[in-house]
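In our numbering, the protein residues as written are 55 to 524.
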């Protein structure tokens, strides 16, 4: 059924909204699987191709370099061709990468396949939360955008479980680890043909009848008409150029988004998600199978904590969760630094602290940053603006992944975790001082938070208005 043929309803369908969001969030499942599958496979890759420390970092990071490229083009492509069409392209790249990474003859073949998968991840990481935010009603938008993060952690858990089971096939089992992603990739590709285009993008393109049909299906006829008027007015007031983000007010939104995106990564969570098996095997002394089993526990706690985030983010708000998350992560990483000073490191203590650290991230910084990035930009340039923030996120992720083993060699693993703890402290300060609370606000209301005072009409000034940092 196309958006133009959707029936006009007096009441919207929450079931429909959830189904559409679940389809979009399937890209998050593939995202999570692709970034986490390397954790188990890297042990076997290192042995089969006799990788040096730098080559190991490159094998783990090649996907992330593709993520930077994907995020770089996703905004422009989605603003030009629509959110759904570009997600279809991402589904095809996910499938191609899964097959290619399973059949490499050398490290170059492997990194090329993973680079293609990274393009898909970069596109999906930006477009899935953006698409959901543009479809979802304000009162459940945080929950639905967080659904994408829930799908990501589901993919991570699935990857860890698949790694653990397929490791029993022996040295060649890692090939099947990557090939397993082809099945959900095809399912995602098919499902995308049954969801509508973003109503905000349709309005921007002058296809208001289609946009109204989608909004009606989501929130009912009366609410749809009101929301369409708001969207139309917002688009009419905007220049639609990226240069607008450099103007006072919006420039602050861009700088905040980039800072949050970078800090989400350099707080150190991906050291566990990408190198967990190496940490457990080489730093704690576990065997390969027990290291992969520990990863399954990490994925499980990540999954459970994200369920808590889905419940809390629209009840407690974005800011409290982000500050709590950063604080707990910092304390865990300080404790980990101390635990690794003990020789040999106590395996149960290290695992417990890592599980608590991952849970702290999953309940706040994991979903919260993506929600904020999807909410704070103006409609007409949201795709390109969020693309900039997502590029910054993936560049930070590449930097973290490409330097972790080298950093451990230079200042020990305890020193590395102390560096990451300091980044958690900086994140807490940034959220406390500069991040607005967006809970329960429409995207159009959030946009007005950033406008310079002189740009606000006299009538708007008469209304109580939230101030950034309150």
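Where a beta carbon is used, it is the ideal one built from N, C-alpha and C, also for glycine.
Contact check between the stretch 221 to 230 and the stretch 96 to 116: three or more CB pairs, one atom from each, fall below 8 Å, which counts as touching. Linking residue 490 to residue 311 through their CA atoms gives a straight-line distance of about 11 Å.
The Cβ atoms of residue 250 and residue 74 lie closer than 8 Å to each other.
Ranking 302, 375, 105 and 122 by CA distance to the CA of residue 200 puts 375 first. Contact check for residue 84 against residue 148 passes: the beta carbons are separated by less than 8 Å.
Sequence-distant partners of residue 363 (beyond 5 residues in either direction) whose C-beta falls short of 6 Å from its own C-beta, in its chain, are 200, 417 and 421.
In the displayed model, residue 105 falls within coil according to three-state DSSP, outside both helix and strand. By the C-beta criterion, the stretch 192 to 209 is judged not to be in contact with the stretch 106 to 116, since fewer than 3 inter-stretch pairs fall below 8 Å. Per the Cβ contact rule, the stretch 262 to 270 is not in contact with the stretch 152 to 166 (fewer than 3 Cβ pairs under 8 Å). DSSP places residue 489 in the coil class of the three-state scheme, outside both helix and strand.
Around the CB of residue 300, fewer than 16 other CB atoms lie within 10 Å, so the residue is classed as exposed. Taken through DSSP and simplified to helix, strand or coil, residue 116 comes out as helix.
Take residue 121, set aside five residues on each side of it, and the residues of its chain with a beta-carbon closer than 8 Å to its own are 172, 173, 175, 176, 179, 448, 451 and 452, in chain order. Here the C-alpha atom of residue 275 lies approximately 23 Å from the C-alpha atom of residue 290. Taking a contact to require three or more Cβ pairs closer than 8 Å, the stretch 460 to 480 and the stretch 391 to 408 qualify as touching. Annotation: the stretch 223 to 306 contains the following complete segments of the alpha helix (DSSP H) (minimum length 4 residues), in chain order: 227 to 233, 236 to 245, 253 to 258, 262 to 273 and 275 to 291. Inter-residue distance for residue 306 and residue 253 is about 27 Å (C-alpha atoms, whole angstroms). Residue 495 sits in coil when the DSSP states are folded into three classes, being neither helix nor strand. Secondary structure of residue 369 (DSSP, three-state): coil. Taking 8 Å as the upper bound for CB-CB distance, residue 212 and residue 141 are not in contact here, some 20 Å apart. Counting along the chain, no alpha helix (DSSP H) covers residue 336, and no H or E run does either.
With a cutoff of 8 Å on beta-carbon distance, residue 144 and residue 81 are scored as near each other.
Within the same chain, Cβ atoms closer than 7 Å to the Cβ of residue 373 are found at 485, 489 and 491, the five residues on either side in sequence being excluded. Residue 432 places its beta carbon less than 8 Å from that of residue 304. Taking 8 Å as the cut-off, the Cβ atoms of residue 401 and residue 326 do not count as close. When 197, 378 and 239 are compared, the shortest CA-CA separation from residue 146 is found for 239. Assignment of residue 395 by DSSP, reduced to helix, strand and coil, places it in the coil class.
Per DSSP, reduced to three states, the secondary structure at residue 219 is helical. Under the three-state reduction of DSSP output, residue 159 falls in the coil class, being neither helix nor strand.
Residues of the same chain with a CB within less than 8 Å of the CB of residue 70, apart from the 5 flanking positions on each side, are 271 and 272 in chain order.
The Cβ-Cβ distance between residue 92 and residue 131 does not fall below 8 Å. Residue 200 sits in a helix when the DSSP states are folded into three classes. DSSP, reduced to helix, strand and coil, places residue 311 within a helical segment of the structure shown. DSSP places residue 466 in the helix class (H, G or I) of the three-state scheme.
Around the beta carbon of residue 436, 16 or more other beta carbons sit within 10 angstroms, so the residue counts as buried.
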